[in-house]
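Structure record follows, encoded as structure tokens.
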Amino acid sequence: MAGTITSAGLGSGIDIESLVTKLMSIEQQPITKLQTKDKSFDTKLSAFGTLKSSLSSLQTAAEAISSAAKFSAYQASIADSTIGTVSAGSSASAGSYQLEVSSLASSQKVVTTAQSSSYTFADGTLSFDVGGKVTNIDISAAKGNNTLAKVRDAINASGAGVSASLLSDGNGTRLILTASQSGTDNGFTVSGLGLGFDPSDIASSDSLVDQSTSKAATNAVFTLDGVQVTRSSNVISDALDGVTLTLNKKNIGTPTTLNITQDGTAIQKKVEDFITAYNNVVNTIKTQTAWNNDTKTAAALNGDAAVRGIQSQLRSIVSGSLSSGSLTRLSDIGIKIETSGTLTLDSTKFKNVLADPTKDIGSLFAEGTVSGFADQIADRVKDFLGTDGLLTSRTDGIKKTQLGIDKQIETLEARMTVIEARYRKQFTALDTAVASWNSTGNYLSTQLSSLLTKYTNN
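Heads up: the sequence shown is residues 1 to 458, going by the UniProt record's numbering.
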């Protein structure tokens, strides 16, 4: 009789592994189809991600010109640049002013006479009064804070509104006290330890104070078209709306011109950025919805209703017109819609309109009496990308479908394990039976041969 079969197919010669593999390949076809479908959804999600990115860039570019303040851009200059520097923000207004600086802001300084490096102060209290805030600092040999360096450190740690430093000038070491901020309102009085100083009466200073190098604080004083302005700092951002002026030098008797003009280059750049971002969305949609007639293949979002809706809505906005204003269509400033759906800018026409004081380009884009084109685009794209928006709804639906596919695949894979085990069991049984039949046949054949031989010999 046949022995134990230890490897499928060895007893019968049947290639069980090959049979099981081929049968399982057929059984796996529903899973393969589901996996292919799942992969196609991954491709769609990736395509939607690309579209979302381009729409987000469009939203940013549109928001940059969606209000009058954001759309505006100004540049500022001073004829004599040694007098100071100037910059203008979006809230500035065009204008020209005569600037004359009669005083620069400075911080109060109290400088001691030169002392030896080993100089120590007598025990006492050093008091600072900065704008009515009084700070007292105890100085004593017992505390070990009575040297020049230790007094410096104690002042800096006190929060009095005064900084202290040491200067070696070749004749000795000087203690320098400087108000933390410039301007007369930030000046200070000091008393005690021989450092008494009153900025209103420098001549009465204590003996340790060098009156020739100590000085009171000063304010910045200047005029714009004859109107005097006083500030505690040389950096002034609250005299002209949206303008920051930094004073560097006095020019008493020789006024210089400060000009603030509209920055046409910056404004055009913002509009060009908007056009570029819009065209990127148009081209992204075109790529992701394309059909290749040669290969008969479609791009990931070909035929997608959500994408068609987005394309239609954006096109409707840029091809529309405003209900009021000196400019009502994008073509009024040189923006043309090409047959491809992209936008192009006629720079010459744009600059001519920008230079025309009767035309308000800003109102064509920004939110005002009516919603401008950029404002409309920004709001619409915000809706597309919102948590309840068209794109979110579409991608959430795809992800939900994928979860269903994953569950189907999981169920089928569990079923495949059972089916493969059944096939192996059936073929193993067949292998054993065939091996047994072969063994019996061989035995009978041997016995028959033996009988024939016996009878033949007799």
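Backbone N, C-alpha and C define an ideal beta-carbon position, used for all residues, glycine too. In this text the structure is predicted, and so the values were computed from the model without any measurement.
Rounded to the nearest angstrom, the Cβ distance from A76 to S90 is 12 Å, too far for a contact under 8 Å. Only residues of its own chain outside the window of five on either side were considered, and among them I333 and G334 have a CB closer than 8 Å to the CB of K349, listed in chain order.
Under the three-state reduction of DSSP, S331 is assigned to helix. Around the beta-carbon of N186, 16 or more other beta-carbon atoms lie within 10 Å, marking it buried. Measuring C-alpha to C-alpha distances from K22 to each of G132, D379 and Y423 identifies Y423 as the nearest.
In the structure shown, T261 falls within a strand segment according to DSSP collapsed to helix, strand and coil. The stretch 63-80 makes no contact with the stretch 190-198: fewer than 3 CB pairs, one atom from each, lie closer than 8 Å.
Within 10 angstroms of the beta-carbon of G372 lie 16 or more other beta-carbons, which makes it buried. Beyond the five residues adjoining it in sequence on each side, A290 comes within less than 6 Å, by CB distance, of A299 in the same chain, given in chain order.
Rounded to whole angstroms, the Cβ separation of F128 and A164 is 10 Å, and the two are not in contact under 8 Å. DSSP, reduced to helix, strand and coil, places S18 within a helical segment of the structure shown.
Put simply, the backbone Cα of Q181 is about 11 Å away from that of G131. When the alpha-carbon of R315 is set against those of G341, I405, T112 and A429, the nearest one is in G341. Secondary structure within the stretch 41-102: the alpha helix (DSSP H) runs of 4 or more consecutive residues, fully enclosed, are 68-71 (chain order). In this structure, the beta-carbon distance from T392 to S54 does not fall below 9 Å. Scanning its chain for C-beta atoms nearer than 6 Å, with the 5 sequence neighbours on each side dropped, one finds around T230 the residues N219 and V221, in chain order. The beta carbon of I176 sits closer than 8 Å to those of K109, V110, V111, T112, A164, S165, L166 and L167, all from its chain and outside the five residues before and after it, given in chain order.
Under the criterion of beta carbons closer than 8 Å, E413 and L345 do not qualify as touching, at roughly 57 Å. Excluding the 5 residues flanking it on each side, D123 has same chain C-beta neighbours closer than 8 Å at I139, S140, A141, A142 and N146, in chain order.
CA-to-CA, the gap between A216 and A94 works out to about 37 Å. Sequence-distant Cβ neighbours of V282 in its own chain, meaning closer than 6 Å and more than five residues away, are G341 and T342.
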